[in-house]
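Asks: This structure is in structure tokens; I'll ask about it shortly.
Residue numbers (this note's numbering), protein chains in the order written: chain A, 1 to 609; chain B, 610 to 920.
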């Protein structure tokens, strides 16, 4: 934006409208009073009510609530040590109590800085939009955690009688803390513009990645369901608090400036994961499955996130690859007695899936929107039923029908047997590490394809089709051909993943390719953030990893999943990590800044690599 | 680009074209008709545009101006009629029309809202670039060259339309006037020989309208032919070399701005015919105009009735 008055006004009005939009999202108290009562959300009404009730005492109420919470963590929350992590000891907070204590103490410190002048200016420099939002997230975390633990104790030990007063006090303290914190005003989160020397920024990226690895490994190490659930809540609110403090947007800004470093660091961290597991295969197996899911989700991300084609039968392409992999694996149940080397099978799987993609794509792509979704859903089911019927009695004997192709041997790759433990740098790793590493390579490849095709003429045309198909056609984009190409590219990537999946799960059956799996894939993309790499990877990991750890929810998994979908779509429809637009806003800020410093026109879109 | 040397003045072209005789005809639409069921939105419209000419297309709301544009650009396949661009018949396929050299903007802005201004313009250049997926993934030298050229061209075009600093701004965050200008830059990116502008100044303030007029003139100076749909009469009559008036799907008048401006039928089509409080002298004049207008309309009305019966 240039400095002329009119344009400046336009920029201001744009940012104002954006602010009010995000105010609705984050239910910001400050702007609530200015808005017409009719437009207020229930959270804003609640805030207004609390401000009216507590007036200037809000800060004191929050401090009292936080202190109560701290005291509560020093008390036992239950009578018996049967509840995991032993919450019965005085002055010895454990597990969830520790999480609550961390939130409460951090909240207290931040509250204190508001009333200690030298600290206030310091904090203002670090958190330019005030501590209000952060404290609010922390206080809500205290309340939700305490409440969840009380519910778990009730559920696990049978009845409310098992809750010690300490537990009730924690819930009460959290509630008061929250009520007080909601009256604190806070500006909307804006990107922190400060830049540090490159070396420091790269270190920040590295530390952020290691923290991520630590959080995942620490989470996997927790065996008890209740403790894990508490841990997830803790991490969730930690993330929320960090977002409100602006730390997340700052780190993602830094990561955006050092894109290559970030990607490398992310893959390095993923590479390090098996070394945290010793010889144990338990979570390597889980993570290997998570990676397959992530690869397929990234492939579908091209179709949905870039080209905007809602494909509800995508799992069929994974199925094609898996069947190709199984048939060419040398399994005794395979109807084909040929065992080509692995790279050939991988390409065969990709090719077969691409062919299937053309066959399905060419007729389906002529439909738009909802109709495309229905047509692809139909083709997905047709694939599954066909595989079910190619059993020798209702069709030629190819797939053994519902019995599938079991007993698929481990991969052999240039004398590297995937069934043996892996020796790497003197570390003995469980044999699933083989699969984990090769999938990591495949994931890196798929991410590369995604990013590079996205930042190209073809990718821009895909996004243009998603944005406005008619306008794209009028700008000279051959929409039909490009949509088919997105469809086929996505299909071939899923086909490769399928070949690996066949060996990983040692058996391929039609039931593995139900519609529900396609729905999960779409959900991972929508939850994570359509068209982004980090978002979709995060969505895939969360959607596949959490159910593995939260086994006690087994029969309620879909219920919880559905609720989570509704909640996220209500409060964050753009996904956990929103795409392009936000990145571009960062850029805009940088341009503003550059202009403010008297620099000339902005450079090219350099950060994109 | 032209294959066949087309005759410079067709029988359908008006005789009043200024200095058109020496120039090549870029666009020729003959007998374009668009029927939606029983409704005839565009009926038998002829229009030809020469190189470096700015032609205005005006008419009351619902006269079929935008429908006519859609017929020209292949968004609609006309029920009857032929559209030729420099002697080649245009197929009713949008991307092929753009490929041939006809670009357009939209009445209600249709930018790719979540893409940056730069990316919008780059998409506009889609047909003039070639690299495919393989080049993109492998990052071949060809890809780098073309991508660089594409960025440079987009930057030039953004500068040309007067928004050099907005390259990295997401389209939806641009001010309204800039969005209109970006649409023009995006259309220009396909290196067209003919640009169709659908209400380029709608919703603009007088200052922005002046800038838009200046921009259209500069586009003309690049050697492009321009057809403009517009409701702002001052804009049209001060800008265009020639103006055509569409009323109820038919071309009512075509000629020099001054001629069209003075034509009573045009006034009647826009303002309707006065009914009361008219001084006698004027009333007589109006009656005459009314009669002419009615005569002009008698034909289409009956024809429309005919088609309804036959269907």
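Built from N, CA and C at the ideal position, the CB exists for glycine as well.
(1) To the nearest angstrom, how far is it from the Cα of residue 143(A) to the Cα of residue 110(A)?
(2) Between residue 901(B) and residue 851(B), what straight-line distance do the alpha-carbon atoms span, to the nearest angstrom?
(3) Using a Cβ-Cβ cut-off of 7 Å (strictly less than) and excluding sequence neighbours within five positions of residue 420(A), which residues of its own chain qualify?
(4) Is the beta carbon of residue 799(B) closer than 8 Å to that of residue 726(B)?
(5) Compare the C-beta of residue 795(B) with all C-beta atoms of chain A and state if any pair is closer than 8 Å.
(6) When DSSP labels each residue in this structure, what does residue 862(B) get in the three-state scheme?
(7) Closer than 8 Å is the cut-off here; do at least three beta carbon pairs connect the segment 647-665 of chain B with the segment 832-839 of chain B?
(8) Using the Cα positions of residue 279(A) and residue 425(A), report the straight-line distance between them to the nearest angstrom.
(9) Pop quiz: residue 494(A) and residue 174(A) are said to be a contact at Cβ under 8 Å. What is the actual Cβ separation, rounded to whole angstroms?
(10) Determine, using beta carbons only, whether residue 307(A) and residue 466(A) come nearer to each other than 8 Å.
(11) To the nearest angstrom, report how far apart residue 440(A) and residue 297(A) are at their CA atoms.
(12) Any beta carbon from chain A within less than 8 Å of residue 635(B)'s own beta carbon?
(13) Could you compute how far the alpha carbon of residue 284(A) sits from the alpha carbon of residue 172(A)?
(14) By how many angstroms is the C-alpha of residue 691(B) removed from the C-alpha of residue 442(A)?
(15) Would a C-beta distance cut-off of 8 Å place residue 226(A) and residue 152(A) closer than the cut-off?
(16) If you measure from the beta carbon of residue 630(B) to each beta carbon in chain A, is any gap under 8 Å?
(17) In this structure, how does DSSP classify residue 172(A) when only helix, strand and coil are distinguished?
(18) Taking the alpha-carbon positions, what's the residue 65(A) to residue 180(A) distance?
(19) Threshold first: 3 residues or longer. Then list the beta strand (DSSP E) segments lying entirely within the segment 180-245 of chain A, N to C.
(20) Secondary structure at residue 329(A), three-state DSSP: helix, strand or coil?
(21) Can you check which of these residues, 56(A), 405(A), 85(A) and 93(A), is closest to residue 71(A) by C-alpha distance?
(22) Report yes or no: do three or more beta-carbon pairs, one from the segment 494-512 of chain A and one from the segment 747-762 of chain B, lie closer than 8 Å?
(23) Could you confirm whether any beta carbon from chain B is found closer than 8 Å to the beta carbon of residue 475(A)?
(24) What residues of chain B sit near residue 467(A), judged by a beta carbon separation below 7 Å?
(25) Which value, in whole angstroms, describes the spacing of the CA atoms of residue 345(A) and residue 351(A)?
(26) Are at least three pairs of beta-carbons, each pair with one atom in the segment 504-516 of chain A and one in the segment 372-390 of chain A, less than 8 Å apart?
(27) Return the residue from the list 653(B), 870(B) and 697(B) that minimises the CA-CA distance to residue 845(B).
(28) For chain A, check one thing: does any of its Cβ atoms lie closer than 8 Å to the Cβ of residue 708(B)?
(29) Examine the ligand GDP and report whether any of its heavy atoms sits within less than 7 Å of the Cβ of residue 775(B).
(30) In chain order, which beta strand (DSSP E) runs of at least 3 residues are fully inside the segment 667-745 of chain B?
(31) May I ask you to report which of helix, strand or coil DSSP gives residue 834(B)?
(32) Across which residues does DSSP place residue 634(B) in a beta bridge pair?
(33) I'd like the span of the beta strand (DSSP E) that includes residue 555(A), first residue to last.
(34) Pull up the CB-CB distance for residue 141(A) and residue 241(A), whole angstroms please, since I reckon it's below 8 Å.
(35) Does residue 470(A) have its Cβ less than 8 Å from a Cβ in chain B?
(36) So with Cβ pairs under 8 Å, would you call residue 716(B) a contact of chain A?
Replies: Taking the structure as given:
(1) 17 Å
(2) 23 Å
(3) 431
(4) no
(5) yes
(6) strand
(7) yes
(8) 14 Å
(9) Not quite, the Cβ-Cβ distance comes to about 45 Å (not below 8 Å), so this is no contact.
(10) yes
(11) 14 Å
(12) no
(13) 41 Å
(14) 52 Å
(15) yes
(16) Confidence at residue 630(B) is low in this model, with a pLDDT of 49, below 50, so the placement of that residue is unreliable and no value is reported for it.
(17) helix
(18) 8 Å
(19) none
(20) coil
(21) 93(A)
(22) no
(23) yes
(24) 721, 722, 723 and 724
(25) 10 Å
(26) yes
(27) 870(B)
(28) yes
(29) As presented, the structure is devoid of all ligands, the ligand GDP included, so that no description of it is given.
(30) 689-694 and 711-713
(31) strand
(32) 659(B)
(33) Premise fails: residue 555(A) is in no beta strand (DSSP E) and is neither H nor E.
(34) 7 Å
(35) yes
(36) no
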